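Everything below concerns the one structure shown next.
Residue numbers (the working numbering): 19 to 852.
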C-alpha cells in the first residue's frame, strides 16, 4: 500500500602478521601507478577503513623472491663441484633453509617496526589536527584532495607542485570557513542583558563580525585566485574529464563563499546603522521607534545590492554537486533546504519589485498597522478550523509591537446592547446557517480563508468601529508547536505548568468547567463567570509573549520556521490587505485558499459543528474513496465517510452532535447519489415517542447502542419547531444543497446528526469529466483542525481484451494538502479501445 503525505565508527583492526611464504598462484603483480585507471581508484572495493591513516600497505616477499636472493648471495657452483656438494648432503640443505628462515624473520620484524612507527606518527598527527577536521570546514579541501590532487599525482607526478598548492588551498579554506563560523556564533549567541534591556543588535558584535568577514573574504579570494591561475589545475579537466564535476563544484563553492561574505557585509553594515536605535526587545513596552522611514530606505538600498548576490548563489548552486561533497546526510539536507528557500526568495523578489517596501508597510514604518487576531477552538470545529471565541488587536508601529492581550468575544457580543442583535448571515450561507444574531464569533463561515478574513474584518468594523489591516487566526496546534520550542510555561499565580501535551485540556478546564471558572474568579477577584472564564488563557498568552521577548535568536528562528509550516497546514492563517504581501502568500501556498484550478480534479471536505458544544474532539472521522477512471480520463467518485462519536469526556454543551458537511468539487462535477444526510423529516423520538431500541436505520446510516437512539435537546435554531423540547431523530437521505458559496467551485452540502456514542455513515457519489488525457491529478485539501484517516483507491480504466490494470492505493492522515497523480495509459488500436 502506498502512502501519500504533506557514528560512523569503524573499529581499527591490526595488520596481520606476514605469512612465511605465498605461492605464486596466490599473488599478482600490481601494475605501475601510472597505469591504474582513476575510475578504479575511486570505485575500488578494497577495504581501507581498518588501516591506520597514512599507513602504507606493504606485501611480504614471495617465496620465489627469497629463493632468488639466496641464489644471488650463494657462491657460484660448477659442474665439477656438484659431486662435492652432494657429499655435503643434508648439512648444506640445513644451512640454506636456515638462511631462508632468517631472511623471512628479518623482513617480518622490519615490516612490523615500520608499521608501528607509521601508525604512531599518524595517530599523533590526527590528535594535533582533530579540532580542525570538521566535515563542514573541509568541503573544498576534501574535494581537492580526493578528486583532483591525488589522481593528478598518480597520473602525472606533480608531487612537489601539488603539495605546495594543496597546502595553500587547505590553509586558506580552513581559515575562511573558521572566520564564517565565528560570524555565525557572534550573531546567533543570546544578547546580553536581562528582560527588555537586551540589545537586539550589539554594536560590538557587529564590529567584530565585520572584521571576521573581511578576513574570510581575503581567504576565499586566495582560494579562487589559486583555482583560476594554477596552470596544471586549469588543464586537469582536459587530462581527466571524469573530474569535471569536482572542478565545477570547487569553483561554484568558492564563488558561493564570496557571495555569502558580500551579503554578510551588507547585512552587518545595515545592522551597524540600525544598532543605536534597536536597544531593547522588539516586543518591549517602549514607544521609541525601532526603525524610521530614512533607515528603512537604507534597508531597501542594501537589499537591492544583495539581490544580485542571491541570484549568483542561485546560479552557482546549479553547478554544485552535493553528492560529491564530503558532508553528512543531515548537513546535505540542510543545504538542500536552504537552497530551495533561496530560490523562493529570489523568485518572489523578481516577481514583486515592491516586496521590500511592502515589508515596511507590515512593520508600520509609514503608519501603525493593526491586525485582528483570533483563536480557533478545534473542539468546536468551524470552516476555518474552529470556533473563534477570543480576539485581540495586534499593533505594529515603526517596527515595534505594542502590548497585546486577548478578550472574551462573549463580553462584546452577549452584552445587553449587543451589536449582533437582528443580524443574519450573508446570503451565501443563509440557507443552512442555523443561528440568529450573526456576529464576529461566527464570521469564519467560508472554507476559503481570504473570504472568511474579509467577513471578519467587516464584522469587526461594525462591532468595534475600527478598521484593521489584516487577520490572523490560529488553532491550539500552533501554540503546541511554540511550546515545543520554548518548553513548558509556568503560570505562577495559578500554580499551573502548561505543556504542548496538556494545552487544550487546560484551556477547556478554565474556560468551560465550573471548578476552573471558580478558580479564575477567586484568583482574579471577579464575580462574573463570563468575565472570569478566559482569564487563564489571557495569562498564558501574556506569559508566553514575555518568554518570546527574551528568547535567543536561534529559538526565534525555529519558531518562525515552524509557523511557516503551520501556515501550509492552515493551523495558522494570515491575511493582509496589502496586495503584494497577500500575493506572496498565495504564490507560496500560505494563504489558506481553496484550490480553484480548472486543470485537475479536486476535493475539499468542510465540517461545521453547530451543536454548541466541544464535541468535535471526540468524533473520529475516516474517509474511504474509490475513483474509477474511464476511457476518456473522467473520474467516478464513490466516497464513504464514517463518524464515530464516543463521548469520553466533557463536551461543555449539548450531547448530540450536529455537523454541516460541504463537499467542494470542480464546477463541472455531476452529482450521482448520496445517503446518510439528515432530511429534517422527523422519524421517531421526542414528541413522536421513543425510537426502537435497535435497527432504527435498516441500511446502517446511523448505529447506536441499544436504547440510545435519542436526539435530545438542542440550542435554539432558526425555523426549529421543537425549541425547548426533546428533538426527534429525522429520516436520512441524500444531500439537499447544491448552491456553492465559493466562486469557481461546485458544492454538495447537507446536515448529519449523531447522538453520543453512535456511528454515522455518509455516502456520496459524483462524476468529474476529464481534465487531461495523459495524467489524472486529484488535489485533496485539508481543513484546519482535522486529521481524518483517508484511504484512496484509483482504478485505471481497463482496455478491451486486456487484463484490467491493478488499482493504486493510498493512505494518509490528511495532515496537509495532497496531490495524487495517476498516469492514463491509452489503449492500443488493436484492442478496439476500452
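We treat Cβ as the ideally placed atom computed from N, Cα and C, and that holds for glycine. These numbers were taken from a predicted model, which means no experiment stands behind them.
**Request:** Assuming residue 446 contacts residue 759 (C-beta within less than 8 Å), just tell me the rounded distance between them.
**Result:** 4 Å
**Request:** Grab me the residues of residue 668's own chain with a C-beta within less than 8 Å of its C-beta, minus the 5 sequence neighbours each way, in chain order.
**Result:** 526, 530, 531 and 632
**Asked** Taking just the CA atoms, how far does residue 834 sit from residue 711?
**Response** 41 Å
**Request:** Specify, as a first and last residue, the run of the alpha helix (DSSP H) that residue 326 falls within.
**Result:** 311-335
**Prompt:** Can we count residue 411 as close to the ligand FMN, meaning its CB is less than 7 Å from some heavy atom?
**Reply:** No copy of the ligand FMN appears in this structure; indeed no ligand is present at all.
**Asked** Do you know offhand how far residue 409's Cα is from residue 390's?
**Response** 7 Å
**Message:** Let me confirm a value: residue 685 is counted as buried when at least 16 other C-beta atoms fall within 10 Å, else exposed. Which label applies?
**Reply:** exposed
**Message:** With a threshold of 6 Å on Cβ separation, who are the neighbours of residue 347 within its own chain once the five nearest residues in sequence on each side are excluded?
**Reply:** none
**Prompt:** Can you tell me whether DSSP reads residue 271 as helix, strand or coil?
**Reply:** helix
**Asked** Taking buried to mean at least 16 other C-beta atoms within 10 Å of its own C-beta, is residue 497 buried or exposed?
**Response** buried
**Prompt:** Looking at the unbroken alpha helix (DSSP H) that takes in residue 239, where does it start and where does it end?
**Reply:** 221-247
**Request:** Let me know the secondary structure DSSP gives residue 695 once reduced to three states.
**Result:** strand
**Asked** For residue 242, which residues of its own chain have a beta-carbon under 6 Å away from its beta-carbon, when the five flanking residues on both sides are left out?
**Response** 272
**Asked** Which residues in the same chain have their Cβ closer than 8 Å to the Cβ of residue 768, if we skip the five residues on either side of it in sequence?
**Response** 678, 679, 692, 695, 696, 752, 753, 754 and 755
**Prompt:** Along the chain, which unbroken stretches of the beta strand (DSSP E) at least 3 residues long are found entirely within the stretch 514-549?
**Reply:** 514-516
**Reduced DSSP category for residue 565 - H, G, I as helix; E, B as strand; rest coil** = helix
**Message:** Does residue 643 come out as helix, strand or coil in the three-state DSSP assignment?
**Reply:** strand
**Whole beta strand (DSSP E) elements within the stretch 395-436, 3-residue minimum** = 405-415
**Prompt:** What did DSSP end up calling residue 375 once you bin it into helix, strand or coil?
**Reply:** helix
**Prompt:** What is the rounded straight-line gap between the Cα of residue 286 and the Cα of residue 227?
**Reply:** 7 Å
**Message:** Run through the DSSP bridge pairs and tell me what residue 477 is partnered with.
**Reply:** Residue 477 is not bridged to any residue.
**Item:** Contact between the stretch 637-655 and the stretch 783-802 (3+ Cβ pairs under 8 Å)
**Value:** yes
**Message:** Alpha carbons only, please: which of 715, 660, 730 and 804 is nearest the one belonging to residue 781?
**Reply:** 660
**Item:** Outcome for residue 741 when other beta-carbon atoms lying within 10 angstroms are tallied against a minimum of 16
**Value:** exposed
**Request:** Give the DSSP-derived three-state secondary structure of residue 765 in the structure shown.
**Result:** strand
**Request:** With DSSP as the reference, label residue 623 as helix, strand or coil.
**Result:** strand
**Asked** What separation, rounded to the nearest whole angstrom, lies between the Cα atoms of residue 417 and residue 843?
**Response** 56 Å
**Prompt:** Considering residue 509, what are the terminal residues of the beta strand (DSSP E) in which it resides?
**Reply:** 507-509
**Prompt:** Going by Cα to Cα distance, which pick from 322, 561, 776 and 736 is closest to residue 375?
**Reply:** 322
**Message:** So for residue 844, helix, strand or coil by DSSP?
**Reply:** coil
**Item:** Cβ neighbours of residue 634 in the same chain (closer than 7 Å, five flanking residues each side left out)
**Value:** 396, 397, 398, 399 and 627
**Request:** Could you say which of 281, 689 and 555 lies nearest to residue 766 if we only look at CA atoms?
**Result:** 689
**Request:** Kindly confirm or deny that the stretch 611-627 and the stretch 789-803 touch, where touching means at least three C-beta pairs closer than 8 Å.
**Result:** yes
**Asked** Where does residue 633 sit, in a helix, a strand or coil, going by DSSP?
**Response** helix
**Item:** Start-to-end residues for the alpha helix (DSSP H) that takes in residue 605
**Value:** 597-605
**Host beta strand (DSSP E) of residue 683 (start-end)** = 675-683
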